Amino acid sequence: MTTTAKLIAFTIDCAEPRRLAEFYAEILGFEVQYAEDEYAGIGDGTTSIYFQRVPERTPAAWPGPGKQFHIDVRVPDVAKAVEEYVALGASKPDFQPSTDWVVLADPEGHLFDVCPERNA
């Protein structure tokens, strides 16, 4: 039997950890727990996201095979959230694979999907 692990955090490579931590803390409602030029972290008391400085990292082309991961977030109003996230520094790529959710890129080009709440 395999030991079941509990996810506590994941780390995102980026050029500016403090900036990206502040961006994600704002859209996720997490607190910035730690912020330096080389490393930053945010969390909600259960789950954390860390940001590690990798200055030579370049964003993957979208669409394309270079994407290594993306985050999905669920919001009550997709259009409103997209507008707010773009105002915070996200960008909206031209290519959108669905009309049900919106793909955005964070200030450093990491992709994330803004999804509507599920109907019960």
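Just so we're aligned: 16 in UniProt numbering is position 16 of the sequence shown, and the numbers increase by one with no gaps anywhere.
Idealized CB from N, CA, C, for every residue including glycine.
The structure displayed is predicted, hence computed values, not measured ones.
Would you mind sorting residue i into buried or exposed? The rule is 16 or more other CB atoms within 10 Å of its CB.
{"i": "Val114", "result": "buried"}
{"i": "Ile49", "result": "buried"}
{"i": "Leu111", "result": "buried"}
Would you list the one or two residues that DSSP bridges to residue i?
{"i": "residue 121", "result": "Lying before the first or after the last residue shown, residue 121 is absent from the chain, which here runs from 1 to 120."}
{"i": "Ser91", "result": "Ala105"}
{"i": "Gly41", "result": "Tyr34 and Tyr50"}
Go to residue i, then tell me how far its alpha helix (DSSP H) extends in each direction, as first and last residue.
{"i": "Val86", "result": "Val78 to Ala87"}
{"i": "Lys74", "result": "The question names Lys, but residue 74 is Arg in the sequence shown. Arg74 -> not in any alpha helix (DSSP H); beta strand (DSSP E) instead, spanning Ile71 to Val75."}
{"i": "Leu111", "result": "Where Leu111 is concerned, there is no enclosing alpha helix (DSSP H), although the beta strand (DSSP E) it sits in stretches over Leu111 to Pro116."}
{"i": "Ile27", "result": "Pro17 to Leu28"}
I'd like the span of the beta strand (DSSP E) that includes residue i, first residue to last.
{"i": "Arg53", "result": "Ser48 to Arg53"}
If you draw a straight line from the alpha carbon of residue i to that of residue j, how long is it in whole angstroms?
{"i": "Asp13", "j": "Phe51", "result": "6 Å"}
{"i": "Asp100", "j": "Pro116", "result": "7 Å"}
{"i": "Ile42", "j": "Pro17", "result": "11 Å"}
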